[in-house]
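Residue numbers (our numbering), protein chains in the order written: chain A, 1 to 277; chain B, 278 to 560.
Glycine residues also receive a C-beta, built at the ideal position from the N, C-alpha and C atoms.
Report on the structure given below.
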Amino acid sequence: MFKKKGRSRLIPNYIILILLVCLALGPILVLFFNSLKSFTDLGTNPIGLPRVILIENYVNAWVQGEFATTLTNSLIYVVFTVAGVLVLGGMAAYSLARLDPPGDNFYLVYMLTLSTLPFWLYVIPLFIMWRNLGLLDTRAGLIIMYIAFNSPFAIFLLRSFLMSLSRDFEDAARVDGANEWQVMTRVVIPIMWPAFLTVGLVVGLGVWSEFQAALIFLQRDELMPVTTSYYNFTQRFGRDWSLTSAGAVMMIAPVLALFLALQRQFVTGLTQGGIKL
Amino acid sequence: MPWLFIAPITLLHLVVVVGPSVAGMYYSLTEWSGIGKAEFVGLDNFRELFFEDRNFLLALRHNLMWLAFFLTVPFAMALAVATLLAQVRIGSMAIRTAFFIPYVLPSVVVASIWRMLLDPRLGFGVALENWGIKGLAYPYLGDKNTALAAIAFVDNWHWWGFLMILFLTAMQSIPSDLYDAAKIDGANRWQEFLHVTLPGIRPTVFFMLMMTAIWSFLVFDYVWILTHGGPAGSSEMLATYLYKQAFQRFEAGYGAAIGITMSAIAGVMATIFVLLRRRGWDV
């Protein structure tokens with residue numbers, strides 16, 4: 001009796017929440033429906049279910065949007081950035097958490113302050129410097145930038161993860177006669193996997209979605225990540241929504257699949273500081 | 278030896294971020310096309326920005342309106358919905374996932390979705406007309422009176438759910454005996470929210486207000502993708518204006534001055550929040 005009353009008290013909550021869930025997911029469903037429609041179907045029925053399912057939109061978008069090239073490019077940017085951030089950021093985090101370098105507090109303050117320098121403050125000189133160094137409009141140039149942008153977040157997260165772990169395992173390995181290199185590769189790196197995964201997911205998602213730096217620093221079509229290439233694609237085929245929707249679905253499908261599979265890691269990582277508007 | 282491990286990433290950060298930031302401060306004092314020698318002109322760029330350039334002042338005003346919107350609407354939505362969701366058990370995880378999904382979509386896709394839905398001839402307004410609700414088919418992004426609000430709506434659509442999850446996580450770390458005590462004292466739901474929930478999540482709210490204040494002056498993606506700052510400059514922002522000056526008109530010195538101004542305002546915003554916190558505004 002009492003329980004029943006408690007539940008019915010929550011009916012207004014559920015109504016509001018379900019309406020807002022529709023607001024959150026409805027537009028994504030519309031995108032999916034539109035990606036399956038013919039041009040004429042979309043013209044008369046822009047929101048609803050497709051009358052005839054047209055898979056060939058995907059084939060057309062794949063070919064005309066050069067998704068084979070651009071999805072590969074994005075994957076390259078993600079893989080190399082994540083690898084660079086984990087190796088270089090991991091080294092720094094390990095040193096800060098375990099090797100007690102002199103002046104580490106000063107360094108943390110430095111990183112915390114200077115990591116807040118906004119993109120628009122340094123983008124113009126960086127652009128000129130990249131041009132002079134021949135890094136403008138190259139894959140390496142973009143990857144180096146992405147590693148630098150993401151490194152403070154990685155250092156902080158990996159360092160605090162390491163600090164929360166006891167040193168007992170490492171000391172035990174040392175007692176057993178392991179040298180420092182073996183301690184790092186055999187003991188520390190294996191127990192750091194959860195933190196590596198979290199950082200990798202957050203940084204990878206950021207790079208996969210990144211738009212403004214790719215827009216400014218890349219001009220050649222064959223180097224573009226899927227975001228800026230898709231943006232150009234929508235500019236070219238502005239009114240052909242079935243085509244652009246199919247392209248968008250191909251871009252977000254891997255992200256959504258990964259998100260649903262590893263939701264907990266994503267949410268912890270993103271709420272711990274991979275925060276951006 | 279310990280510093281050898283720290284050096285590579287630090288050097289990279291210095292070269293990519295810190296060095297160019299310092300150089301940007303110098304270039305803001307020059308007249309420069311980005312090629313050849315920069316000519317030192319003192320504070321001329323800033324004088325022009327604040328006293329002659331109406332487009333810049335308009336952009337600055339739009340950023341302030343953006344700030345006002347993002348300090349209120351998403352926070353109100355997120356607080357309200359987090360409170361509702363915190364009481365719910367059945368289906369809670371699925372609802373959370375649903376609210377989080379828009380946040381993981383790339384800006385180009387979110388913009389693409391809403392360009393369709395906000396279209397005057399094929400958007401949601403037309404669909405509602407078929408159901409008998411008239412008057413909502415409107416060129417929201419193409420009218421200079423509504424473009425900025427439409428972009429803010431789209432950005433917020435992808436953002437507020439994330440804010441809500443942050444608040445919800447913070448709420449769940451509030452000890453439940455505080456709620457029990459409030460119940461014993463005869464507090465109703467609103468009093469509970471005001472005296473237990475809100476103080477409990479205040480550090481999170483405060484931090485996100487500060488971050489919002491900073492980001493509001495740096496926003497670029499949604500504006501550029503949806504309107505390029507148009508129509509007729511009605512959604513121009515500092516970042517899109519900088520982009521046009523520096524990378525389309527090759528006014529690198531002038532663009533750098535805009536960059537400094539944006540960063541300085543964002544910095545002032547952050548400082549105000551830090552000072553408020555010192556004053557004991559928070560906890």
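To the nearest angstrom, how far is the alpha carbon of residue i from that of residue j?
{"i": "D330 (chain B)", "j": "V123 (chain A)", "result": "22 Å"}
{"i": "M448 (chain B)", "j": "G463 (chain B)", "result": "21 Å"}
{"i": "S8 (chain A)", "j": "A359 (chain B)", "result": "19 Å"}
{"i": "L215 (chain A)", "j": "T228 (chain A)", "result": "6 Å"}
{"i": "I338 (chain B)", "j": "E528 (chain B)", "result": "Reading the sequence as shown, one finds Arg at residue 338 (chain B) and not Ile. Roughly 22 Å separates the two Cα atoms."}
{"i": "M111 (chain A)", "j": "L42 (chain A)", "result": "51 Å"}
{"i": "A178 (chain A)", "j": "V79 (chain A)", "result": "31 Å"}
{"i": "K4 (chain A)", "j": "I11 (chain A)", "result": "Confidence at K4 (chain A) is low in this model, with a pLDDT of 47, below 50, so its placement is unreliable and no value can be given for it."}
{"i": "D104 (chain A)", "j": "A429 (chain B)", "result": "41 Å"}
{"i": "M302 (chain B)", "j": "F149 (chain A)", "result": "20 Å"}
{"i": "R167 (chain A)", "j": "V187 (chain A)", "result": "10 Å"}
{"i": "W130 (chain A)", "j": "V385 (chain B)", "result": "25 Å"}
{"i": "R479 (chain B)", "j": "A363 (chain B)", "result": "16 Å"}
{"i": "T44 (chain A)", "j": "L399 (chain B)", "result": "8 Å"}
{"i": "E308 (chain B)", "j": "I128 (chain A)", "result": "15 Å"}
{"i": "F67 (chain A)", "j": "I155 (chain A)", "result": "33 Å"}
{"i": "R554 (chain B)", "j": "M485 (chain B)", "result": "13 Å"}
{"i": "A195 (chain A)", "j": "L86 (chain A)", "result": "10 Å"}
{"i": "L344 (chain B)", "j": "W492 (chain B)", "result": "9 Å"}
For residue i, which of the options has the nearest alpha-carbon?
{"i": "N60 (chain A)", "options": "A:D240, A:V255, A:M111, A:F259", "result": "A:D240"}
{"i": "M354 (chain B)", "options": "A:L17, A:V207, A:M192", "result": "A:L17"}
{"i": "P190 (chain A)", "options": "A:E170, A:A214, A:V52", "result": "A:E170"}
{"i": "W437 (chain B)", "options": "B:Y380, B:K421, B:R526", "result": "B:Y380"}
{"i": "M546 (chain B)", "options": "B:T489, B:G510, B:L326", "result": "B:T489"}
{"i": "I451 (chain B)", "options": "B:V350, B:N322, B:V431, B:L475", "result": "B:L475"}
{"i": "F433 (chain B)", "options": "B:G313, B:V473, B:V496", "result": "Correcting the residue type first, residue 433 (chain B) is Asn in the shown sequence and not Phe. The option with the nearest alpha carbon to N433 (chain B) is B:V496."}
{"i": "F333 (chain B)", "options": "B:I537, B:Y518, B:F550", "result": "B:Y518"}
{"i": "I47 (chain A)", "options": "B:L440, B:M278, B:I390", "result": "B:I390"}
{"i": "R526 (chain B)", "options": "B:V295, B:G311, B:W280", "result": "B:G311"}
{"i": "I367 (chain B)", "options": "A:Y14, A:G141, A:Q219", "result": "A:Y14"}
{"i": "V278 (chain A)", "options": "A:R139, A:T69, A:E56, A:A257", "result": "In the structure as shown, chain A begins at 1 and stops at 277. Residue 278 (chain A) is therefore absent and cannot be evaluated."}
{"i": "M370 (chain B)", "options": "A:A213, A:F156, A:R264", "result": "A:R264"}
{"i": "A257 (chain A)", "options": "B:L289, B:A424, B:G536, B:L382", "result": "B:L382"}
Using beta carbons (cut-off 7 Å, strictly below), is residue i in contact with chain A?
{"i": "A353 (chain B)", "result": "no"}
{"i": "A404 (chain B)", "result": "yes"}
{"i": "P508 (chain B)", "result": "no"}
{"i": "V381 (chain B)", "result": "yes"}
{"i": "D498 (chain B)", "result": "yes"}
{"i": "G301 (chain B)", "result": "yes"}
{"i": "G419 (chain B)", "result": "no"}
{"i": "L344 (chain B)", "result": "no"}
{"i": "H566 (chain B)", "result": "In this structure chain B extends from 278 to 560, so residue 566 (chain B) is not present and cannot be described."}
{"i": "V385 (chain B)", "result": "yes"}
{"i": "V545 (chain B)", "result": "no"}
{"i": "M393 (chain B)", "result": "yes"}
{"i": "I451 (chain B)", "result": "no"}
{"i": "S540 (chain B)", "result": "yes"}
{"i": "F444 (chain B)", "result": "no"}
{"i": "I286 (chain B)", "result": "yes"}
Using a Cβ-Cβ distance cut-off of 7 Å, determine whether residue i contacts chain B.
{"i": "L122 (chain A)", "result": "The question names Leu, but residue 122 (chain A) is Tyr in the sequence shown. Yes, its Cβ sits closer than 7 Å to a Cβ of chain B."}
{"i": "T244 (chain A)", "result": "yes"}
{"i": "L117 (chain A)", "result": "yes"}
{"i": "S95 (chain A)", "result": "yes"}
{"i": "K4 (chain A)", "result": "Bear in mind that the predicted position of K4 (chain A) carries a pLDDT of just 47, short of 50, making it unreliable; the figure below should be weighed with that in mind. With 7 Å as the cut-off, K4 (chain A) does not count as an interface residue toward chain B."}
{"i": "W62 (chain A)", "result": "no"}
{"i": "M1 (chain A)", "result": "For M1 (chain A), the predicted model reports a pLDDT of 35, less than 50, meaning its position is unreliable and no value from the coordinates is stated."}
{"i": "G269 (chain A)", "result": "no"}
{"i": "T234 (chain A)", "result": "yes"}
{"i": "G274 (chain A)", "result": "At G274 (chain A) the pLDDT is 44, less than 50, meaning the model places this residue with poor confidence and gives no usable figure here."}
{"i": "F33 (chain A)", "result": "no"}
Mind the definition here: the stretch 183 to 201 of chain A touches the stretch 87 to 95 of chain A only if three or more C-beta pairs lie below 8 Å; say whether that holds.
-> yes
Is the stretch 404 to 422 of chain B touching the stretch 317 to 335 of chain B in the sense that three or more CB pairs, one from each, lie closer than 8 Å?
-> no
Meets three-Cβ-pair contact criterion under 8 Å: the stretch 19 to 29 of chain A and the stretch 368 to 387 of chain B | yes
Specify whether the stretch 234 to 254 of chain A and the stretch 155 to 173 of chain A touch according to this definition: at least 3 beta carbon pairs, one from each stretch, less than 8 Å apart.
-> no
For the stretch 430 to 516 of chain B, list the alpha helix (DSSP H) runs that are entirely contained and at least 4 residues long, ordered along the chain.
-> 453 to 461, 466 to 469, 475 to 492, 498 to 503
At what residue ranges does the stretch 73 to 138 of chain A contain a whole run of the alpha helix (DSSP H), taking only runs of 4 or more?
-> 90 to 94, 104 to 114, 119 to 132
Inter-stretch contact (C-beta, 8 Å, three-pair minimum) for the stretch 490 to 508 of chain B and the stretch 337 to 351 of chain B | yes
Could you pull out every unbroken alpha helix (DSSP H) segment of at least 4 residues lying fully inside the stretch 297 to 378 of chain B, listed in chain order?
-> 321 to 328, 331 to 363, 369 to 377
Taking 8 Å as the threshold, find out whether the stretch 60 to 75 of chain A comes into contact with the stretch 246 to 261 of chain A through three or more Cβ pairs.
-> Touching, yes, given that three or more Cβ pairs across the two stretches are closer than 8 Å.
When the Cβ atoms of the stretch 415 to 431 of chain B are set against those of the stretch 387 to 402 of chain B, are three or more pairs found closer than 8 Å?
-> yes
Fully enclosed by the stretch 219 to 268 of chain A, which alpha helix (DSSP H) runs are 4 residues long or longer?
-> Segments of the alpha helix (DSSP H) lying fully in the stretch 219 to 268 of chain A: 226 to 236, 241 to 261.
Touching or not, the stretch 116 to 136 of chain A and the stretch 201 to 211 of chain A, by the rule of three or more beta carbon pairs under 8 Å?
-> no
Ranges of the beta strand (DSSP E) found wholly within the stretch 158 to 182 of chain A, counting only runs of at least 3 = none
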